[in-house]
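Participant: 72 is the number of the first residue of the sequence shown in our numbering; add one for each residue after it. Backbone N, C-alpha and C fix where the C-beta goes; we use that ideal spot for every residue, glycine too. Quantities reported herein were computed from a predicted structural model and do not represent experimental measurements.
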Amino acid sequence: MKPNIGNSILASSSPAILTPIETPVGVVQVRKMREQDTHGLFLVENDALLAAHPNGFSCHVLAVRLQNNGNFMDQADYIVACGGTITEEGKDILLKAQTFFSNPQNK
C-alpha cells in the first residue's frame, strides 16, 4: 500500500477531486504530484501549475470556488498559510477570475 501524500494517516485525495472542473478562466484539475509529495491544481489547456498543497482537498476547494465565485482569494490565502504555494501563473488566473466576477453581467 502506498503511503498518503505527506505520509499522513488520513487520505489527502479521492478519485472525485481529480475530475477536471470548468471555470470562467479555463478548465482546472487537481493532480497528485507524488515526486514532490504534494498535490497541484493545474490549468488543463497549458498544463500550468496554479497552486500546490499536500492536501488535494484544499486544491479542489480552490477549483470549486473559482467555478462558482466563492471566496477563492480566501482559499488561496489558506493554501499559502498552511504551507502550500500559489504560483505566478496561479496569481494571474486568480486576478482574471476576480476581474471576470467583478463584472455585474457575470454574477
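Which ranges does the beta strand (DSSP E) cover as unbroken runs of at least 3 residues, wholly within the stretch 111–147, from first to last along the chain?
Facilitator: Taken in chain order, the unbroken stretches of beta strand (DSSP E) that lie wholly in the stretch 111–147 and span 3 residues or more are 119–124.
Participant: Where does the unbroken beta strand (DSSP E) through Q169 begin, and where does it stop?
Facilitator: Residue numbering aside, residue 169 sits at position 98 when the sequence shown is read from its first letter. Looking at the DSSP string, Q169 is not in any beta strand (DSSP E); the run it does join, the alpha helix (DSSP H), is 159–173.
Participant: Report all residues from its chain with a CB closer than 7 Å to the CB of T109; omit the five preceding and five following residues, and keep chain order.
Facilitator: The residue labelled residue 109 in the question sits at position 38 within the sequence shown. Excluding residues within five positions, the ones whose Cβ falls inside 7 Å are I76, A123, H124, P125.
Participant: In chain order, what residues of the same chain have a beta carbon less than 8 Å from the beta carbon of E106, not counting five sequence neighbours either side?
Facilitator: Reading the sequence shown from its first residue, position 35 is the one you call residue 106. Around E106: no qualifying Cβ.
Participant: Output the boundary residues of the beta strand (DSSP E) element that contains E93.
Facilitator: Along the sequence shown, read from residue 1 onward, the residue named residue 93 stands at position 22. Where E93 is concerned, the enclosing beta strand (DSSP E) stretches over 92–94.
Participant: Which same chain residues, not among the five before or five after I92, have their C-beta less than 6 Å away from its C-beta?
Facilitator: For this step, residue 92 is matched to residue 21 along the sequence shown. So the list reads V99, A134, Q138, once near-sequence residues are dropped.
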